[in-house]
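*Asks:* Structure in structure tokens, see below.
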Amino acid sequence: MADIHKIDVFNFKLETEKIVPYLPLSYQVFGPPLGIAPVVVINHALTGNSNISGEKGWWKSIVDYNKVIDLNLFTVIVFNIPGNGYADSFQIQNYQDFSTRDIAKVFWEGLDTIGVHEIFALLGGSLGGGIAWEMAFLRPKAIQNLIPIAAHWKADDWLIANVHVQSELLLHSEYPLEIARKHAMLLYRSPESLVYKFQNEKEDDSKYAVQSWLDYHGQALAERFSLSAYKLMNHLLGTIGKTSNERDLQNFLDTTSAVINQISISTDYLFVATETKKWHAWMEKRNSKVFLNELDSIHGHDAFLIEYEILKAFLEPVFDKVKLTASLD
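What follows is the structure in structure tokens.
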């Protein structure tokens with residue numbers, strides 16, 4: 554596993570104008586050392602972390618040596634959202650003061666600290682994709698390729714509603730992590746996916762296999778994730794694009810140098826594909842470098858963690874340009 558590094562951030566100013574005296578910002582670097590190869594920044598999802606590659610890497614089918622994001626050719630940086638509990642025990646109790654714009658700002662501060670001011674590609678799935686949009690809005694000329702996956706530039710009413718239900722479960726349930734996770738799994742997958750997977754199978758006369766599956770995911774998360782971290786991450790979902798409006802999106806499209814490759818998922822019940830298509834149609838009229846691929850899968854929102862072959866096909870055109878150049882050298 555790549556070493557975990559830490560940056561101490563002091564007196565960080567939030568969008569609310571409040572000052573946070575201290576934030577630990579941890580990260581991992583994969584591939585060539587900084588300063589040698591094109592830099593790829595990848596933002597993790599709600600219960601994810603910086604350990605993206607290697608034996609236990611959560612996206613090792615995409616990011617590794619000789620994979621589509623080839624660690625022979627790209628330096629990959631992944632930050633932990635402060636408070637996610639992966640690299641330290643730091644907790645954010647005033648989580649409602651934070652937004653994805655704040656996380657984007659602290660990620661840029663981290664990149665500045667380690668001397669990275671331009672990014673070949675910025676990717677993120679789900680919450681990580683929303684943070685990628687926020688980072689792009691902050692520095693529209695610092696990114697060559699923006700790739701938000703299963704994410705919107707701004708939280709819509711459906712997402713905000715589900716964040717609210719999750720919040721209520723986290724605040725008022727006897728087993729908050731377990732119950733919230735069970736509800737969330739129904740947003741991360743699709744009806745088609747569960748019907749295909751379980752086929753009304755029963756484990757015994759009293760319990761269906763799908764119920765045991767939900768119980769397993771609830772218990773598994775409770776064993777590796779803290780309640781404070783889940784409250785923070787869930788809250789952040791509902792703040793995506795909170796400080797931006799249509800005019801800000803227009804200004805971004807007018808000024809950015811990035812090629813924007815959005816990837817939606819046909820059966821996504823969290824960041825619904827119809828919303829992505831609506832805004833893509835709006836954006837492509839205003840910027841010729843905006844593209845959309847739809848990942849057609851029964852597996853719902855989590856398809857970007859399941860359908861690797863389809864995802865590779867969408868990502869290869871971006872990363873193969875560097876591979877081709879390297880092969881000619």
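Note that my numbering has the sequence shown beginning at 554, numbered continuously upward.
We put the beta carbon where it would ideally sit given N, CA and C, even for glycine.
Does DSSP classify A708 as helix, strand or coil?
*Replies:* On the sequence shown, residue 708 is found 155 positions in, with the first residue counted as 1. A708 falls in the coil class under three-state DSSP.
*Asks:* Report back the beta-carbon spacing between S606 and K795 to the nearest angstrom; my notes put them in contact at under 8 Å.
*Replies:* The sequence position of residue 606 within the sequence shown is 53, counting from 1. The sequence position of residue 795 within the sequence shown is 242, counting from 1. S606 to K795, Cβ: 31 Å. No contact.
*Asks:* Determine the DSSP secondary structure at P574, reduced to helix, strand or coil.
*Replies:* Your numbering for residue 574 matches position 21 in the sequence shown. Strand.
*Asks:* Going straight from the alpha carbon of Y618 to that of G584, what length do you get?
*Replies:* Within the sequence shown, numbered from 1, the residue matching residue 618 stands at position 65. Within the sequence shown, numbered from 1, the residue matching residue 584 stands at position 31. If I take the Cα positions, the gap works out to 8 Å.
*Asks:* Taking N814 as part of the beta strand (DSSP E), name the residues at either end of that continuous run.
*Replies:* Position 261 of the sequence shown, counted from the start, is the residue given in the question as residue 814. Taken as a continuous stretch (DSSP letters only), the beta strand (DSSP E) holding N814 covers V812 to I818.
*Asks:* Output the residue ranges of the alpha helix (DSSP H) runs that lie fully inside the region 580-645 and measure 4 residues or longer, sorted by chain position.
*Replies:* Counting whole runs of 4 or more residues, the region 580-645 contains no alpha helix (DSSP H) stretch at all.
*Asks:* Using alpha carbons as the reference points, say which of P635, N637, K620 and G636 lies closest to V629.
*Replies:* Position 76 of the sequence shown holds residue 629. Nearest option by C-alpha distance: K620.
*Asks:* Can you tell me the Cα-Cα spacing of S779 and I863, whole angstroms?
*Replies:* Here residue 779 corresponds to residue number 226 of the sequence shown, with the count starting at 1. Here residue 863 corresponds to residue number 310 of the sequence shown, with the count starting at 1. Their Cα atoms are separated by approximately 33 Å.
*Asks:* With distances taken Cα to Cα, identify the nearest neighbour of L767 among K609, R839 and Y741.
*Replies:* Locating residue 767 in the sequence shown gives position 214, counting from the first residue. With distances taken between Cα atoms, L767 lies closest to Y741.
*Asks:* Judging by CA-CA distance, which residue of D650, Q581 and D556 is the nearest neighbour of E570?
*Replies:* The residue you call residue 570 lines up with position 17 of the sequence shown. Among D650, Q581 and D556, the Cα nearest to that of E570 is on D650.
*Asks:* What are the boundary residues of the beta strand (DSSP E) that P701 is part of?
*Replies:* Numbered from 1 along the sequence shown, position 148 holds the residue referred to as residue 701. Taken as a continuous stretch (DSSP letters only), the beta strand (DSSP E) holding P701 covers I696 to I702.
*Asks:* My output table needs one value for V757: the three-state DSSP class, helix, strand or coil.
*Replies:* Counting from one through the sequence shown, the residue named residue 757 turns up at place 204. For clarity, residue 757 is Asp in the given sequence; the question names Val instead. D757 falls in the coil class under three-state DSSP.
*Asks:* Would you list the one or two residues that DSSP bridges to E847?
*Replies:* Numbered from its first residue, the sequence shown carries residue 847 at position 294. Beta-bridge pairing links E847 to S817.
*Asks:* Excluding the 5 residues preceding and the 5 following A737 in the sequence, name in chain order all residues of the same chain whose CB lies nearer than 7 Å to its CB.
*Replies:* Reading the sequence shown from its first residue, position 184 is the one you call residue 737. Answer for A737: Q719, listed in chain order.
*Asks:* In three-state DSSP terms, what is F778?
*Replies:* As a working mapping, residue 778 is identified with position 225 in the sequence shown. Here F778 sits in coil by DSSP.
*Asks:* Got a sec, what are the start and stop residues for the beta strand (DSSP E) A826 sits in?
*Replies:* Here residue 826 corresponds to residue number 273 of the sequence shown, with the count starting at 1. No beta strand (DSSP E) contains A826, which is instead part of the alpha helix (DSSP H) from A826 to E837.
*Asks:* According to DSSP, is H558 helix, strand or coil?
*Replies:* On the sequence shown, residue 558 is found 5 positions in, with the first residue counted as 1. Strand at H558.
*Asks:* List the endpoints of the continuous alpha helix (DSSP H) containing I732.
*Replies:* Residue 732 sits at position 179 when you count from the first residue of the sequence shown. Unbroken alpha helix (DSSP H) run through I732: P729 to Y741.
*Asks:* Tell me whether the beta-carbon of P577 lies closer than 9 Å to the beta-carbon of D641.
*Replies:* Looking up residue 577 in the sequence shown gives position 24. Looking up residue 641 in the sequence shown gives position 88. Going by C-beta atoms, P577 is nearer than 9 Å to D641.
*Asks:* Taking C-beta to C-beta, are H597 and N637 nearer than 9 Å?
*Replies:* The residue given as residue 597 occupies position 44 in the sequence shown. The residue given as residue 637 occupies position 84 in the sequence shown. Result yes, Cβ atoms of H597 and N637 sit closer than 9 Å.
*Asks:* Assuming G682 and I702 form a contact by the criterion Cβ under 8 Å, report the distance between their Cβ atoms to the nearest whole angstrom.
*Replies:* Within the sequence shown, residue 682 is the residue found at index 129, counting from 1. Within the sequence shown, residue 702 is the residue found at index 149, counting from 1. So it is a contact: roughly 5 Å between Cβ atoms.
*Asks:* Using a Cβ-Cβ cutoff of less than 7 Å, which residues in the same chain neighbour I713 once the five nearest sequence positions on both sides are dropped?
*Replies:* By one-based count along the sequence shown, residue 713 stands at place 160. G791, listed in sequence order.
*Asks:* The alpha helix (DSSP H) that contains F660, what's its start and end?
*Replies:* On the sequence shown, residue 660 is found 107 positions in, with the first residue counted as 1. That run of the alpha helix (DSSP H) goes T653 to T666.
*Asks:* Which one or two residues does DSSP pair with F673 in a beta bridge?
*Replies:* Start at 1 with the first residue of the sequence shown, and residue 673 comes out as number 120. According to DSSP, which records beta bridges pairwise, F673 is partnered with nothing at all.
*Asks:* Please work out which residues of its chain come closer than 6 Å, Cβ to Cβ, to G771, disregarding the five sequence neighbours upstream and downstream, and give them in chain order.
*Replies:* Here the question's residue 771 lines up with position 218 in the sequence shown. Excluding positions up to five away in sequence, the list reads E731, R734 and K735.
*Asks:* Tell me, please, which residues DSSP counts as bridged to F563.
*Replies:* Counted from its first residue, the sequence shown places residue 563 at position 10. The partner list for F563 (beta bridge, DSSP) reads Y575.
*Asks:* Do S603 and V631 count as a contact pair if the criterion is CB distance below 9 Å?
*Replies:* What you label residue 631 is simply residue 78 of the sequence shown in a count that begins at 1. What you label residue 603 is simply residue 50 of the sequence shown in a count that begins at 1. A contact, by the Cβ cut-off of 9 Å.
*Asks:* Evaluate A866 with the Cβ neighbour count: other Cβ atoms within 10 Å of its Cβ, from every protein chain shown; 16 or more gives buried, anything less gives exposed.
*Replies:* On the sequence shown, position 313 is the one that residue 866 refers to. It is exposed - the Cβ of A866 has fewer than 16 other Cβ atoms within 10 Å.
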